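When you read off a place in the sequence shown, starting at 1, and then add 8, the result is the number in the working numbering.
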Amino acid sequence: MRLPQLWLSILSVNSIFLLNLGFPLLTLPPTLHRGEVIAQTDPNAEALRLLQQGLELFQQGTAESYKQAIVALEKALQLYQQTRNLGGQANSLLGLGRIYDLLGDKQQALSFYNQSLPLLRQLGNKAAEATTLNNIGNVYNALGDRQTALDYLNQSLPLTRQVGDKAGEARTLSNIGLVYYALGDRQTALDFYNQSLPLRRQVGDKAGEAVTLNNIGNVYNALGDRQTALDYLNQSLPLRRQVGDKAGEARTLNNIGNVYNALGDRQTALDYLNQSLPLTRQVGDKAGEATTLSSIGGVYNALGDRQTALDFYNQSLPLRRQVGDKAGEAVTLNNIGNVYNALGDRQTALDFYNQSLPLRRQVGDKTGEAVTLNNIGQVYSALGDKQQALEFYNQSLPLRRQVGDKTGEANTLWNFAFLKRSQGNLTEALTDIESAINIIEELRTKIISQDLRTSYFSTVYGYYQFYIDLLMELHQQNPNQ
């Protein structure tokens, strides 16, 4: 008995964000009992009907249809267990795991994936085993356990190659890239994405191609190369729409919004983010909803509307915790700290930063760790504790450089310059601000659009103003130089 190819294709996780097409077909063998082949009975026929019903409900792609699909699959699973049909059980378990994964219930997803794995090994289906290992790896990545994620993904990859599953190989390469991205190792992430992308295209996996293009865009955004980031994200978006991947579309819309926010174009950022948010809710993607709520909060904070920013962050935070997204929780805690710091409430800011920092370290987010260390340094600087501020900046700067966060490196150098100037070390401050401006100029020249260059300049104007003021101060001290 064979199940429809499309049903089996949905059981694979391309990344923590999306659906994937291209899962290998499972052949469901006749049930073996006491060494005899048992003919298909009514329970098996009813189970297959329920499994197909689950497919149809899944394809609708809404939170409500997912809940109905769970009911159908749980009934199918019970019937397959009664008839000891291992293939049917494996399919039902994988389907349930996939849906709970999409709904953000990672522990439930893990439970179902882990139940399916020994069944697939018993059936000898290495392609399906590889996909399940991939899925488990992605869940651990979403939960912030990067090493366990790599352990499972590195079990999956050789199996995909052993069975000649190019689509599965591309999927797992992309997912390994995601882990390295989360660990702040941008170059290794790019290396894996660039191995994945031609394979995606070779097998015609449009959904997977969209994912990898999106992921490459995120790397360039993290590296401060906003124009290249937009180029990749704008290749991903129409593919997301073409294949009907609404959850993935929402993620890419969110990511484009984040790039425009980084470039200082707040209205365009909000336009994209406000397209993303209802899509995340439509498909029941709690993790994606939390991400976009936090992103919208970031735009309002940049606009100076602190209360609205807090409102969005306070909607995001419980969702982050509900789905077990520790990396995302750390982001939102950090961002709430930013609001309180901007409001002058330094102690509350520190409280939130000090909740964020251990989470950043727990999930191995070196980029985020550097951000929060820098922010703590800013609070101590504002409180007049210069030595503490220097200590935190000195922890932040090498991490910024290690992960290639050019924008962050420039920001920390500016903070050093500000602090050294306040201590009267004008020459050292000049060295730091000039290093920061060199980075800013390098990033600015990569932006092709004149309008975006202008909006970006508005976000870094303070660097130049500080530089001019410092030069004037140095001239007053040494008018002959």
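Beta carbons: idealized from backbone N, C-alpha and C, even for Gly. What you are looking at is a predicted structure, and each value in this text was computed from that prediction instead of being measured.
If you draw a straight line from the C-alpha of residue i to the C-alpha of residue j, how long is it?
{"i": "L241", "j": "A136", "result": "30 Å"}
{"i": "N266", "j": "K374", "result": "19 Å"}
{"i": "Y160", "j": "E436", "result": "48 Å"}
{"i": "T139", "j": "P51", "result": "28 Å"}
{"i": "G372", "j": "L191", "result": "5 Å"}
{"i": "L110", "j": "N149", "result": "14 Å"}
{"i": "N488", "j": "L482", "result": "10 Å"}
{"i": "E297", "j": "V291", "result": "10 Å"}
{"i": "Q473", "j": "P366", "result": "35 Å"}
{"i": "A84", "j": "G256", "result": "28 Å"}
{"i": "T439", "j": "N402", "result": "16 Å"}
{"i": "L231", "j": "L63", "result": "40 Å"}
{"i": "D459", "j": "N263", "result": "20 Å"}
{"i": "N133", "j": "Q170", "result": "12 Å"}
{"i": "N269", "j": "I455", "result": "14 Å"}
{"i": "V339", "j": "N362", "result": "12 Å"}
{"i": "L102", "j": "L398", "result": "51 Å"}
{"i": "N343", "j": "K334", "result": "14 Å"}
{"i": "L478", "j": "L421", "result": "14 Å"}
{"i": "A197", "j": "L158", "result": "12 Å"}
{"i": "D153", "j": "Q243", "result": "30 Å"}
{"i": "G30", "j": "L65", "result": "Annotation note: pLDDT 27 at G30 (below 50); position unreliable, no value reported."}
{"i": "A218", "j": "L247", "result": "6 Å"}
{"i": "L427", "j": "Q386", "result": "9 Å"}
{"i": "N122", "j": "D113", "result": "14 Å"}
{"i": "D359", "j": "Q370", "result": "18 Å"}
{"i": "Q48", "j": "S119", "result": "Summary for Q48: the model assigns pLDDT 44, below 50, so the residue's position carries little reliability; its value from the coordinates is reported in the next sentence. Whole-angstrom Cα-Cα distance: 28 Å."}
{"i": "K75", "j": "G392", "result": "54 Å"}
{"i": "G212", "j": "L351", "result": "51 Å"}
In the structure shown, what three-state DSSP assignment does residue i receive?
{"i": "N93", "result": "coil"}
{"i": "Q431", "result": "coil"}
{"i": "T220", "result": "helix"}
{"i": "P246", "result": "helix"}
{"i": "D273", "result": "coil"}
{"i": "I445", "result": "helix"}
{"i": "D359", "result": "helix"}
{"i": "P326", "result": "helix"}
{"i": "G252", "result": "coil"}
{"i": "N229", "result": "helix"}
{"i": "V267", "result": "helix"}
{"i": "L482", "result": "helix"}
{"i": "V291", "result": "coil"}
{"i": "V79", "result": "helix"}
{"i": "N488", "result": "coil"}
{"i": "V331", "result": "coil"}
{"i": "G372", "result": "coil"}
{"i": "G416", "result": "helix"}
{"i": "G392", "result": "coil"}
{"i": "D239", "result": "helix"}
{"i": "D353", "result": "coil"}
I need the boundaries of the alpha helix (DSSP H) containing residue i, first residue and last residue.
{"i": "V347", "result": "334-350"}
{"i": "K454", "result": "Taken as a continuous stretch (DSSP letters only), K454 belongs to no alpha helix (DSSP H), as it is neither H nor E."}
{"i": "V307", "result": "294-310"}
{"i": "V187", "result": "174-190"}
{"i": "V147", "result": "134-150"}
{"i": "G212", "result": "Element bounds for G212: n/a, residue is neither H nor E."}
{"i": "T156", "result": "154-170"}
{"i": "G62", "result": "50-68"}
{"i": "L111", "result": "No alpha helix (DSSP H) holds L111; DSSP gives it neither H nor E."}
If residue i and residue j are in contact, beta carbons under 8 Å, what's the gap, nearest whole angstrom?
{"i": "I107", "j": "I78", "result": "6 Å"}
{"i": "L434", "j": "Q485", "result": "7 Å"}
{"i": "A506", "j": "I448", "result": "The structure shown does not extend to residue 506, since the chain spans only 9 to 489, so no value can be given for it."}
{"i": "Y471", "j": "I445", "result": "6 Å"}
{"i": "A378", "j": "R408", "result": "5 Å"}
{"i": "Q155", "j": "L127", "result": "Not confirmed; about 26 Å, so no contact."}
{"i": "L341", "j": "S324", "result": "Contact flag wrong, Cβ pair sits at about 10 Å."}
{"i": "L281", "j": "V307", "result": "7 Å"}
{"i": "T415", "j": "G272", "result": "Not really, about 12 Å apart at Cβ, beyond 8 Å."}
{"i": "K294", "j": "L327", "result": "5 Å"}
{"i": "N142", "j": "T180", "result": "5 Å"}
{"i": "A310", "j": "S284", "result": "Not confirmed; about 17 Å, so no contact."}
{"i": "E54", "j": "L87", "result": "6 Å"}
{"i": "Q115", "j": "G336", "result": "Actually they do not touch by this definition, with Cβ atoms about 16 Å apart."}
Counting only beta-carbon atoms, is residue i nearer than 8 Å to chain D?
{"i": "V387", "result": "Looking at the structure shown, chain D is missing, and only one protein chain is on hand."}
Touching by the beta-carbon criterion (3+ pairs, under 8 Å), the stretch 168-177 and the stretch 208-226:
Verdict: yes, contact present.
Is the stretch 336-351 touching the stretch 305-317, taking contact as three or more C-beta pairs under 8 Å?
Touching, per the Cβ criterion.
Is the stretch 217-231 touching the stretch 196-203, taking contact as three or more C-beta pairs under 8 Å?
Enough Cβ pairs lie closer than 8 Å, so yes.
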